[in-house]
Amino acid sequence: MIVYDFLYNIVFNITQSAVAGDITAMVISAALPLLFLVLPFAILAVWLERKVSAHMQDRLGPMRTGSHGWLQTIADVIKLLQKEDIVANDNDRPLFNLAPILVFSGSYLVFAALPFSSAYIGSNIDLGIIFIIAASGFVVAGILMAGWSSNNKYSLLGAMRSAAQIVSYEIPTILVILTIIMITGTTNLRTLSEMQTGYFWNWMIFGGAGLSLSKFLFIPFMIIGFVTLYISTLAEVNRTPFDIPEAESELVSGYHTEYSGMKFAMFFMAEYANMFAVSAIVSAIFFGGYQSPFGYLGNTLGLTWMVPIEQFLWFASKGIFFVLVQMWLRWTLPRLRVDQLMALCWKYLIPIAFVNLIIVGLITVL
Amino acid sequence: MAIKTEEMVLNMGPQHPSTHGVLRLELILEGEIIQKVTPHIGYLHRCFEKHCEAMTYPQIIPYTDRMDYLAAMYNEFGYVIGVEKLLGIQVPERVEYIRVIMGELQRIASHLVAIGTYGADIGAMTPFLFAFRDREVILNLFEITCGARMLYNYIWVGGLSHDLHPDFVRLTREFITYFRPKIVEMNELLTTNRIFIERTANVGILPLETAINFGITGPMLRGSGFKWDLRKDDTYSVYNRFDFNIPIGEGKVGTVGDCWDRYYVRILEMGESLRLIEQALDQLPEGNVTSAIPKRIKPPVGSVYTRVENPRGELGYFIISNGTTSPFRVKVRGPSFVNLGIMDVLCKNHMVADVIAILGSVDIVLGEVDR
Numbered sequence: 008m009i010v011y012d013f014l015y016n017i018v019f020n021i022t023q024s025a026v027a028g029d030i031t032a033m034v035i036s037a038a039l040p041l042l043f044l045v046l047p048f049a050i051l052a053v054w055l056e057r058k059v060s061a062h063m064q065d066r067l068g069p070m071r072t073g074s075h076g077w078l079q080t081i082a083d084v085i086k087l088l089q090k091e092d093i094v095a096n097d098n099d100r101p102l103f104n105l106a107p108i109l110v111f112s113g114s115y116l117v118f119a120a121l122p123f124s125s126a127y128i129g130s131n132i133d134l135g136i137i138f139i140i141a142a143s144g145f146v147v148a149g150i151l152m153a154g155w156s157s158n159n160k161y162s163l164l165g166a167m168r169s170a171a172q173i174v175s176y177e178i179p180t181i182l183v184i185l186t187i188i189m190i191t192g193t194t195n196l197r198t199l200s201e202m203q204t205g206y207f208w209n210w211m212i213f214g215g216a217g218l219s220l221s222k223f224l225f226i227p228f229m230i231i232g233f234v235t236l237y238i239s240t241l242a243e244v245n246r247t248p249f250d251i252p253e254a255e256s257e258l259v260s261g262y263h264t265e266y267s268g269m270k271f272a273m274f275f276m277a278e279y280a281n282m283f284a285v286s287a288i289v290s291a292i293f294f295g296g297y298q299s300p301f302g303y304l305g306n307t308l309g310l311t312w313m314v315p316i317e318q319f320l321w322f323a324s325k326g327i328f329f330v331l332v333q334m335w336l337r338w339t340l341p342r343l344r345v346d347q348l349m350a351l352c353w354k355y356l357i358p359i360a361f362v363n364l365i366i367v368g369l370i371t372v373l
Numbered sequence: 009m010a011i012k013t014e015e016m017v018l019n020m021g022p023q024h025p026s027t028h029g030v031l032r033l034e035l036i037l038e039g040e041i042i043q044k045v046t047p048h049i050g051y052l053h054r055c056f057e058k059h060c061e062a063m064t065y066p067q068i069i070p071y072t073d074r075m076d077y078l079a080a081m082y083n084e085f086g087y088v089i090g091v092e093k094l095l096g097i098q099v100p101e102r103v104e105y106i107r108v109i110m111g112e113l114q115r116i117a118s119h120l121v122a123i124g125t126y127g128a129d130i131g132a133m134t135p136f137l138f139a140f141r142d143r144e145v146i147l148n149l150f151e152i153t154c155g156a157r158m159l160y161n162y163i164w165v166g167g168l169s170h171d172l173h174p175d176f177v178r179l180t181r182e183f184i185t186y187f188r189p190k191i192v193e194m195n196e197l198l199t200t201n202r203i204f205i206e207r208t209a210n211v212g213i214l215p216l217e218t219a220i221n222f223g224i225t226g227p228m229l230r231g232s233g234f235k236w237d238l239r240k241d242d243t244y245s246v247y248n249r250f251d252f253n254i255p256i257g258e259g260k261v262g263t264v265g266d267c268w269d270r271y272y273v274r275i276l277e278m279g280e281s282l283r284l285i286e287q288a289l290d291q292l293p294e295g296n297v298t299s300a301i302p303k304r305i306k307p308p309v310g311s312v313y314t315r316v317e318n319p320r321g322e323l324g325y326f327i328i329s330n331g332t333t334s335p336f337r338v339k340v341r342g343p344s345f346v347n348l349g350i351m352d353v354l355c356k357n358h359m360v361a362d363v364i365a366i367l368g369s370v371d372i373v374l375g376e377v378d379r
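Protein chains in written order, with the working numbering: chain B, 8 to 373; chain C, 9 to 379.
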């Protein structure tokens with residue numbers, strides 16, 4: 008929490024008021040991810056997706072803007088900024104304008120509670136995981152608003168599907184997260200990461216720290232939990248094979264068909280920000296969060312200031328690894344149908360997650 | 009008080025990413041369940057048949073290209089056979105063999121588009137680009153032969169516009185060895201994919217009885233389990249000299265006649281076409297391809313109906329000659345047009361997403377539906 012303390016001290020020295028220092032430091036530190044993480048990551052991820060898909064499909068992808076087209080997304084953003092902001096007569100104007108803001112802020116709020124490193128977490132709240140789940144629920148309202156206010160049948164269908172999908176898939180997500188809460192007894196993501204310190208066999212996927220019998224009993228159920236969580240988070244961020252809300256071949260672009268310019272860009276950025284957010288949650292819960300799988304270079308060299316930076320890099324690379332897996336899946340798999348999607352959730356994932364929860368509970372009691 | 013409910017009318021197309029051109033489907037929906045599908049066609053109508061009456065016989069050939077623009081070679085093939093029958097001329101052996109080679113290459117190219125876009129309709133973009141990458145090789149072969157990549161004007165009455173390029177035989181053999189493993193790759197990537205099977209098996213089942221009543225032909229009819237291929241059953245050109253199978257739908261993963269069967273018949277047909285091309289290349293005789301082209305094409309009074317097995321089904325030409333240089337009437341029996349008629353039957357009680365899957369498995373080309 009070095010960043011928070013640093014900000015607090017500056018403000019406290021100027022105003023001599025603990026409350027002012029607290030509030031200012033909290034707001035600034037929670038807002039930092041927007042500028043330094045969400046936007047750069049969205050730009051990087053869009054470019055990555057285009058390059059990854061291109062190379063999977065025997066293409067080159069963007070090559071003209073900058074070396075290997077790395078400036079392409081920036082050029083696209085500039086283009087989108089210049090575009091006319093079209094609001095049709097039949098659109099429900101207030102809702103139509105509010106929807107992208109809500110969707111974007113929903114995905115951005117998640118970033119405020121992600122533990123990027125031991126020195127920096129946007130907002131170190133004790134209910135970290137619960138906050139993230141609640142904040143991502145925001146997105147549903149935004150998507151429904153977008154679909155309804157667009158006054159377009161395709162948008163409405165897309166929005167309804169999306170709402171049903173996200174609400175359904177939150178259940179297995181929460182059930183898996185509950186198993187972790189049961190084992191660790193904490194909902195604070197920073198504490199959770201600290202518990203998985205040391206080497207990679209202390210990660211939750213390998214049963215957590217310690218060498219008790221329950222650690223080894225946990226391992227198979229942790230793997231089941233991880234797979235369930237990963238599938239349901241895929242569905243929550245509307246990625247293939249669950250990209251039904253914006254199924255291009257059926258619904259044109261689903262709920263954001265009617266949007267243009269920067270509002271469209273906000274939906275777009277929210278999607279990519281979400282991709283990183285859910286990957287980060289998966290890695291924070293199962294893969295040690297910001298912890299390195301094997302000691303830190305900083306500790307070996309005696310340079311302790313290097314450790315938080317290394318932690319940040321580890322966290323980012325774990326997140327990006329899972330994002331790349333999402334891209335890989337997207338460009339390999341076809342899309343499920345909406346009823347099959349629901350069947351997968353209610354018939355398979357929820358029972359599996361529930362049984363997993365009970366078994367892990369029994370092991371914990373033992 | 010009961011809540012007033014009404015069905016939703018959804019217009020799919022003409023500007024929709026997966027209606028394969030400018031087709032408009034009027035869907036009557038109950039929630040997401042289809043009650044009725046009405047295809048509205050005519051956005052691409054160019055008066056082909058009327059146009060023919062004002063043109064001479066050779067002038068019509070480029071226009072046939074523009075009907076089914078994904079299988080232009082085969083459109084020329086069918087038309088030219090009809091005119092030759094009217095004229096009563098015999099074409100050299102070499103011409104017949106080259107026509108078969110071109111026709112089968114065209115069949116592979118056309119099926120690649122069908123399979124690739126079908127994958128894209130179901131949501132898998134990568135097979136689409138893989139299919140187009142392989143199709144590109146075939147288009148290059150056509151390009152070295154006649155200079156055009158899509159609309160060839162290559163097969164002429166009584167002959168061909170050019171002889172084969174000196175490299176053609178070698179390049180085609182290279183293509184065959186290159187393409188065989190690609191079919192396996194496509195099967196691994198898409199055909200046997202669990203999600204793909206979920207989406208297509210038992211969807212849009214077309215019973216054989218219904219298929220015959222609607223006059224369905226081509227891979228759709230064979231997908232329903234009926235061995236009917238004009239190349240064998242009403243043989244033309246030199247097809248009777250080759251050994252090839254007619255794949256039919258067997259309901260391997262679902263019911264006979266579902267979308268997966270129709271898709272898989274196309275995959276198998278590509279393999280059979282490769283065999284045909286190989287045999288034709290082996291037997292390719294020497295000769296002059298332009299020697300039999302008549303100086304003046306003026307068929308005697310009479311009429312003829314010829315049909316060929318286009319990649320999409322039975323392509324028929326009914327040509328009436330009144331003894332002048334232009335036909336009195338040309339009527340085309342287009343497979344896409346006839347096959348499209350069954351959409352309503354296939355889609356009933358399916359979901360919106362299935363309409364796309366079914367339309368993709370019908371594999372229409374709007375240029376030929378509207379003509």
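For glycine and all other residues, C-beta sits at the position ideal for the given N, C-alpha and C.
Can you tell me the Cα-Cα spacing of residue i and residue j, whole angstroms?
i               : j               : result
T125 of chain C : D352 of chain C : 21 Å
A79 of chain C  : G321 of chain C : 11 Å
A280 of chain B : I139 of chain B : 13 Å
M202 of chain B : S162 of chain B : 44 Å
L229 of chain C : I220 of chain C : 8 Å
E251 of chain C : P100 of chain C : Note that residue 251 of chain C corresponds to Asp in the displayed sequence, not to Glu. Their Cα atoms are separated by approximately 21 Å.
V370 of chain C : V45 of chain C  : 14 Å
K160 of chain B : V147 of chain B : 18 Å
L121 of chain B : R197 of chain B : 8 Å
R188 of chain C : F85 of chain C  : 26 Å
R344 of chain B : S334 of chain C : 52 Å
L197 of chain C : R115 of chain C : 21 Å
Y127 of chain B : N19 of chain C  : 52 Å
P358 of chain B : K90 of chain B  : 47 Å
M273 of chain B : S114 of chain B : 11 Å
Starting from residue i and walking both ways along the alpha helix (DSSP H), at which residues does that stretch end?
i               : result
M189 of chain B : 160-191
N306 of chain B : 304-308
Between which two residues does the beta strand (DSSP E) holding residue i run?
i               : result
R337 of chain C : 335-341
P122 of chain B : 122-124
G149 of chain B : Premise fails: G149 of chain B lies in the alpha helix (DSSP H), 135-156, not in any beta strand (DSSP E).
L323 of chain C : 321-329
N83 of chain C  : Segment 80-95 is the alpha helix (DSSP H) holding N83 of chain C; no beta strand (DSSP E) there.
Y313 of chain C : 310-318
Less than 7 Å between C-beta atoms, sequence neighbours within five positions excluded: which residues of the same chain meet that for residue i?
i               : result
T263 of chain C : N210, I213
M158 of chain C : Y77, A80
L105 of chain B : M152
K339 of chain C : E57, F326
P255 of chain C : R230, V273, L276, E277, E280
Of all Cβ atoms in chain C, is any one closer than 8 Å to the Cβ of residue i?
i               : result
L340 of chain B : yes
L356 of chain B : no
P227 of chain B : no
R344 of chain B : yes
Q333 of chain B : no
Suppose the cutoff is 6 Å on Cβ atoms and the five residues either side in sequence are ignored; what does the same chain contact list for residue i look like?
i               : result
V363 of chain C : C355
L147 of chain C : R157
Determine whether the Cβ of residue i lies closer than 8 Å to any Cβ atom of chain B.
i               : result
M351 of chain C : no
L18 of chain C  : yes
Ordered along the chain, which non-local residues of its own chain (more than five positions away) have a Cβ less than 8 Å from that of residue i?
i               : result
I366 of chain C : V211, G212, C267, M351, L354, C355, H358
Practice problem: Compile a chain-ordered list of the residues in the segment 130-156 of chain C whose CB is closer than 9 Å to at least one CB of chain B. | Solution: I130, G131, A132, M133, T134, P135, F136, L137, F138, R141
Exercise. Anything in the segment 191-209 of chain C with a Cβ closer than 8 Å to a Cβ of chain B? List those residues in chain order, please.
Key: L197, L198, N201, I203, F204, E206, R207
Practice problem: Below 8 Å between beta carbons is the criterion; list the residues of the segment 53-77 of chain B that meet it against any residue of chain C, in chain order. | Solution: S60, M63, Q64, D65, R66
Practice problem: With 9 Å as the C-beta to C-beta threshold (strictly closer), list the residues of the segment 355-373 of chain C near chain B in chain order. | Solution: M359, V360, A361, D362, V363, I364, A365, G368
Exercise. Pull out every residue of the segment 162-195 of chain B whose Cβ sits closer than 8 Å to any Cβ of chain C, in chain order.
Key: L164
Quiz prompt | Members of the segment 113-127 of chain C that neighbour chain B once the beta carbon cut-off is set at 8 Å | solution = G127
Quiz item: Using a beta-carbon distance cut-off of less than 8 Å, what residues from the segment 37-66 of chain C approach chain B?
Solution: E40
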